[in-house]
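Data block below; observations after.
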Amino acid sequence: MKSREEIVNMERIVVKVGTSSLSFPNGKTNYTRLERLAMVLSDLLSDGKEVILVSSGAVGVGAGRLKMYEPPTGLVARQALAAVGQAELIRIYQKFFDEYNQMVAQVLLTRDGLEDETRKMNARNTINELLRMKIIPVINENDTVSTAEIQFGDNDNLSAKVAILMEADLLIILSDVNGLYSGDPHTDPSAQRISVVKQSDQTIDQYINDSTSAFGTGGMATKIQAVRLCMSHGIDACIVNGDDPINVFRIMCGKDVGTLFLSKEVEQ
Numbered sequence: 016m017k018s019r020e021e022i023v024n025m026e027r028i029v030v031k032v033g034t035s036s037l038s039f040p041n042g043k044t045n046y047t048r049l050e051r052l053a054m055v056l057s058d059l060l061s062d063g064k065e066v067i068l069v070s071s072g073a074v075g076v077g078a079g080r081l082k083m084y085e086p087p088t089g090l091v092a093r094q095a096l097a098a099v100g101q102a103e104l105i106r107i108y109q110k111f112f113d114e115y116n117q118m119v120a121q122v123l124l125t126r127d128g129l130e131d132e133t134r135k136m137n138a139r140n141t142i143n144e145l146l147r148m149k150i151i152p153v154i155n156e157n158d159t160v161s162t163a164e165i166q167f168g169d170n171d172n173l174s175a176k177v178a179i180l181m182e183a184d185l186l187i188i189l190s191d192v193n194g195l196y197s198g199d200p201h202t203d204p205s206a207q208r209i210s211v212v213k214q215s216d217q218t219i220d221q222y223i224n225d226s227t228s229a230f231g232t233g234g235m236a237t238k239i240q241a242v243r244l245c246m247s248h249g250i251d252a253c254i255v256n257g258d259d260p261i262n263v264f265r266i267m268c269g270k271d272v273g274t275l276f277l278s279k280e281v282e283q
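Under the numbering used here, residues 16 to 283 are what the sequence shown spells out, in order.
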C-alpha cells in the first residue's frame with residue numbers, strides 16, 4: 016500500500032476495541048460510545064465491507080454489573096468477572112446493532128486454539144461463514160478458561176492473530192490516544208502525532224509510553240507488538256483514538272487520523 020487513499024478499496028477489516036474505549040475511567044460502561052461503534056460498523060457493512068470486531072471489556076462490564084468499580088486482583092477474580100461480563104457485553108452489542116438491523120455473533124478464542132491447526136481451521140471456517148451471512152463476528156478472549164500463560168493482553172495480540180487468520184486487509188486498533196506520538200501526549204504538550212510509520216522505520220520503540228487501564232491489560236507496547244505482527248504478514252494497521260468511533264469511518268475514507276503502519280507486500 017502506498018497511501019491512505021488506498022484504504023478506501025480495502026474490503027476485510029478487523030476493528031479492535033479495548034477496555035478503555037468501552038468504559039469511563041471509573042469502570043462504568045460507556046453506552047454512548049458502544050452505540051456509535053455499532054452505527055459505524057453497521058454502515059461499513061452496508062457499504063460492502065467485511066467487518067470483524069475484536070472486543071475486550073468483559074471484565075470491566077462484569078465489574079460494573081456487580082457494582083465493583085475497583086480493579087480486580089488475581090486471575091481467578093478476573094475470570095469470574097469475565098464470566099458475568101461476557102454475557103452482558105454481547106447482550107449490549109446485540110441491542111445496539113439491532114437498531115441498525117445488524118446481526119452479531121459471539122466467538123470466544125484462546126491462544127492455544129489458534130496454534131492448533133484443526134481448531135484454527137474450524138475458527139476460520141466459522142468466521143468466514145458468518146461474514147458470508149453478513150453477520151459481524153464479535154471476538155473476545157475466552158477469559159474464563161485462560162491462564163496467565165495464555166492471556167493475550169487486552170486482546171491487542173488476539174486482534175493481530177485474527178487479522179492474520181482471516182487474511183484481513185487492515186487492522187484498526189482503537190486506543191485512548193490519537194495514535195503514536197513523539198512523546199506521551201498525556202504529560203507532554205509538545206508531543207506530535209506520527210501520521211505514517213513504514214515497516215522499515217526502526218525508531219518506533221523510542222516513542223512508546225506503556226500504560227494500562229485499571230480493568231485492561233494492554234498498553235501502547237502491546238499495540239505496537241500487534242501492529243508489527245500484522246506488518247510482518249503484509250497487513251497494514253492503524254492506531255486511532257476510540258473516544259470517537261467515527262474515527263473508524265474517517266480511516267476508511269482515507270482521512271489523516273491516527274497513525275497508519277504500512278506493511279511491505281508479502282509474497283504468497
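We treat Cβ as the ideally placed atom computed from N, Cα and C, and that holds for glycine.
Reduced DSSP category for residue i - H, G, I as helix; E, B as strand; rest coil
i           : result
residue 140 : helix
residue 190 : strand
residue 176 : helix
residue 240 : helix
residue 247 : coil
residue 157 : coil
residue 39  : coil
residue 272 : coil
residue 262 : helix
residue 133 : helix
residue 44  : strand
residue 170 : coil
residue 163 : With a pLDDT of only 43 at residue 163, under the threshold of 50, the placement of this residue in the model should not be trusted; the figure read from the coordinates follows. Residue state, collapsed to three classes: helix.
Cβ-based neighbour list, residue i, same chain, cut-off 6 Å, excluding 5 preceding and 5 following
i           : result
residue 253 : 187, 266, 273, 275
residue 200 : 192, 206
residue 104 : 72, 73, 76
residue 38  : 44, 45, 75
residue 25  : 184, 185
residue 111 : 49, 50, 53
residue 108 : 119, 153
One or two residues paired with residue i in a DSSP bridge
i           : result
residue 196 : 208
residue 4   : The chain is shown only over 16 to 283; residue 4 falls outside these bounds and no answer can be derived.
residue 27  : 65
residue 14  : Examination of residue 14 is not possible in this model, given that the chain is present from 16 through 283 alone.
residue 151 : 119
Chain B contact for residue i (CB, 7 Å cutoff)
i           : result
residue 149 : Judged by its chain identifiers, the structure shown contains no chain B, having just a single protein chain.
Spatial neighbours of residue i in its chain, beta-carbon cut-off 7 Å, leaving aside the 5 residues before and after
i           : result
residue 66  : 28, 30, 56, 59, 60, 151
residue 87  : 74, 78, 93, 96
residue 213 : 277
Other residues of its chain near residue i: CB distance less than 8 Å, five sequence neighbours each side excluded
i           : result
residue 138 : 122, 124, 128, 129, 180
residue 285 : As displayed, the chain neither begins before 16 nor continues past 283, which places residue 285 out of reach and without an answer.
Three or more C-beta pairs closer than 8 Å, one from the region 42 to 56 and one from the region 120 to 129: is that the case here?
no
Cβ pair count under 8 Å reaching 3, the region 131 to 144 against the region 19 to 34:
no
With three or more beta-carbon pairs closer than 8 Å as the criterion, would you say the region 93 to 100 touches the region 50 to 70?
no
Check whether the region 76 to 84 and the region 167 to 182 touch, using three or more Cβ-Cβ pairs below 8 Å as the test.
no
Whole beta strand (DSSP E) runs in the region 47 to 102 with 3 or more residues, listed along the chain?
65 to 70
Give a yes or no on contact between the region 106 to 118 and the region 149 to 156, applying the rule of three or more CB pairs nearer than 8 Å.
yes
Does the region 237 to 244 come close enough to the region 171 to 181 to have 3 or more Cβ pairs within less than 8 Å?
yes
For the region 48 to 57 and the region 199 to 210, state whether three or more C-beta atom pairs, one from each stretch, are separated by less than 8 Å.
Counting Cβ pairs under 8 Å, fewer than three are found: no touch.
Pick out the complete beta strand (DSSP E) segments inside the region 102 to 130, 3 residues or longer, and give them in chain order.
119 to 124
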